[in-house]
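In this text, residue positions in the sequence shown follow this note's numbering: the first is 278, and each later residue adds one.
The beta-carbon is built from N, C-alpha and C at its ideal position, and this holds for glycine as well.
Keep in mind the model is a prediction, meaning the values are calculated, not measured.
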Amino acid sequence: MQVITIAARKGGVGKTTLAMHLSVLASEPGRPALLLDTDPQRSLAWWHRLREADVPNLIEADARELPELVAAAKREGIARVIIDTPPHAEDSILGAMRVADLVLVPTRPGPLDLAAVATTLELAERVGKAPLAVINHAPPRTGLAEPAIVTEARAALVGMGATVAASVVANRVSMSHAILTGSTVNEHEPGGKAAAEVEALWREIEAALAQDGRKSR
Ligand SMILES: Nc1ncnc2c1ncn2[C@@H]1O[C@H](COP(=O)(O)OP(=O)(O)O)[C@@H](O)[C@H]1O
Ligand SMILES: [Mg+2]
């Protein structure tokens with residue numbers, strides 16, 4: 278079983294949005310992913326209630342229950358668990374990181390957002406995890422070149438010692454439209470640019486998990 282924890286000490290960077298998207302992509306026929314919403318704000322659960330599709334499954338949880346919930350998921354043969362976390366509750370974030378095979382740290386590319394990533398990386402380090410940072414809310418590419426702010430953000434993250442996903446998720450209205458209908462961009466606008474971006478991110482995460490799996494065998 279693979280556990281992905283999405284964490285960032287800053288709010289509004291896309292933790293919940295990426296949890297939704299990745300959980301749908303991580304669900305395979307007959308093997309739905311399990312979402313654990315540990316943010317007391319329950320935004321993920323709100324979206325889940327809007328959904329018509331019956332996958333993925335979701336449990337509203339307290340971070341203290343995670344070891345037990347993750348063990349139960351494993352016993353039940355669940356292949357992938359995705360954990361959404363609150364931005365400020367340090368103990369909850371640490372708890373969710375501890376049970377993770379991969380910690381994903383979304384950030385916006387702005388300077389203040391990047392400064393806040395350092396504190397998230399510090400938490401990950403405390404529990405011995407090497408997170409994967411992902412730039413979300415990026416300005417969409419207009420030509421072949423990456424927008425300068427994205428290149429700069431990538432350099433700043435590498436400077437902090439983070440591994441940065443090659444895939445970048447742009448700020449797109451289709452993201453909001455999808456969420457409001459309890460779906461994801463892949464369901465709402467398959468074949469669109471936003472869908473392609475989150476699919477590329479998911480493939481990168483799958484590859485990172487597979488590599489870790491090989492290392493630990
Ligand atoms: N790539 C994106 N494009 C457009 N809107 C986005 C994108 N990512 C997140 N949002 C929007 O930004 C807001 C904050 O995102 P959210 O996932 O709730 O962040 P967090 O969970 O980190 O607080 C939400 O309204 C969400 O719909
Ligand atoms: Mg959230």
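If you compare alpha carbons, which of G490, A356, M297, L391 is closest to V475? As a working note, residue 475 is residue 198 in the sequence shown. The residue with the shortest Cα to Cα distance from V475 is M297.
Please report the Cβ distance between L313 and A338, rounded to the nearest whole angstrom; I am assuming they are in contact, meaning their Cβ atoms lie under 8 Å. Numbered from 1 along the sequence shown, position 36 holds the residue referred to as residue 313. Numbered from 1 along the sequence shown, position 61 holds the residue referred to as residue 338. That belief holds up - the Cβ atoms of L313 and A338 are roughly 5 Å apart, short of 8 Å.
Proximity below 9 Å, CB of A433 to CB of L409: For the purposes of this step, residue 433 is taken as the residue at position 156 of the sequence shown. For the purposes of this step, residue 409 is taken as the residue at position 132 of the sequence shown. Not in contact: A433 and L409 (Cβ atoms no closer than 9 Å).
Minimum C-alpha distance to S460 - residue among A425, R286, D331, T282: The residue given as residue 460 occupies position 183 in the sequence shown. Comparing Cα-Cα distances from S460 to each of A425, R286, D331, T282, the minimum goes to D331.
Going by DSSP in three states, E305 sits in which element: helix, strand or coil? The count along the sequence shown starts at 1 and reaches residue 305 at position 28. Correct three-state label for E305: strand.
Report all residues from its chain with a CB closer than 7 Å to the CB of A373; omit the five preceding and five following residues, and keep chain order. Working through the sequence shown from its first residue, we reach residue 373 at position 96. So the list reads T282, A284, T315, A340, L343, I360, T362, once near-sequence residues are dropped.
Buried or exposed: where does P309 fall if 16 or more other Cβ atoms within 10 Å of its Cβ makes it buried? Looking up residue 309 in the sequence shown gives position 32. By the 10 Å Cβ count, P309 comes out buried.
Any heavy atom of ligand 1 inside 8 Å of the beta-carbon of M374? The residue given as residue 374 occupies position 97 in the sequence shown. M374 Cβ: outside cutoff for every heavy atom of ligand 1.
Might you give, ordered along the chain, the residues of its own chain that have their beta carbon closer than 7 Å to the beta carbon of G469, omitting 5 neighbours on each side? On the sequence shown, position 192 is the one that residue 469 refers to. Here the set comprises S451, V462.
Which runs of the alpha helix (DSSP H), 4 residues or longer, sit entirely within the region 390-433? none
Taking Cβ to Cβ, would you say A411 is nearer than 9 Å to L295? The residue given as residue 411 occupies position 134 in the sequence shown. The residue given as residue 295 occupies position 18 in the sequence shown. The sequence shown places Val at residue 411, not Ala. Against a cut-off of 9 Å, the Cβ pair of L295 and V411 comes out as a contact.
Measuring straight from C-alpha to C-alpha, what distance separates V445 and A349? Translated into the one-based positions of the sequence shown, residue 445 becomes position 168. Translated into the one-based positions of the sequence shown, residue 349 becomes position 72. Answer to the nearest angstrom: the Cα atoms are 33 Å apart.
Given 8 Å, three or more beta-carbon pairs between the region 418-429 and the region 399-408: no
Boundaries (first-last residue) of the alpha helix (DSSP H) holding P344: Taking the first residue of the sequence shown as 1, we reach residue 344 at position 67. That run of the alpha helix (DSSP H) goes 343-352.
Outcome for S369 when other beta-carbon atoms lying within 10 angstroms are tallied against a minimum of 16: Here residue 369 corresponds to residue number 92 of the sequence shown, with the count starting at 1. That one is buried.
Would you tell me roughly how many angstroms separate the C-alpha atoms of R449 and T440, rounded to the nearest one? For the purposes of this step, residue 449 is identified with residue 172 of the sequence shown, where counting begins at 1. For the purposes of this step, residue 440 is identified with residue 163 of the sequence shown, where counting begins at 1. In a straight line, the C-alpha of R449 is about 24 Å away from that of T440.
Below 8 Å CB to CB, which residues in the same chain sit around H456 once its five sequence neighbours on both sides are set aside? Residue numbering aside, residue 456 sits at position 179 when the sequence shown is read from its first letter. Per the sequence shown, the amino acid found at residue 456 is Ile instead of His. Closer than 8 Å at Cβ, skipping near neighbours: T294, M297, W324.
Is it true that the CB of P383 sits closer than 9 Å to the CB of K292? Counting from one through the sequence shown, the residue named residue 292 turns up at place 15. Counting from one through the sequence shown, the residue named residue 383 turns up at place 106. Taking 9 Å as the Cβ cut-off, K292 and P383 qualify as a contacting pair.
Nearest neighbour of R418, chosen from M278, V358, A447 [CA to CA]: The residue given as residue 418 occupies position 141 in the sequence shown. Per the Cα distances, A447.
Just to confirm the assignment: which complete alpha helix (DSSP H) runs, minimum length 4, are found wholly within the region 314-385? 320-327, 343-352, 367-375
Check whether the Cβ of D339 sits closer than 8 Å to any heavy atom of ligand 2, and report yes or no. As a first step, residue 339 must be located in the sequence shown, where it is residue number 62. False, no ligand heavy atom lies under 8 Å from that Cβ.
Less than 8 Å separating the Cβ of N448 from some heavy atom of ligand 1? The residue labelled residue 448 in the question sits at position 171 within the sequence shown. For ligand 1, at least one heavy atom lies less than 8 Å from the Cβ of N448.
Taking only beta-carbon atoms, is L478 less than 9 Å away from chain C? Going by chain labels, chain C is absent from the structure shown, which holds only one protein chain.
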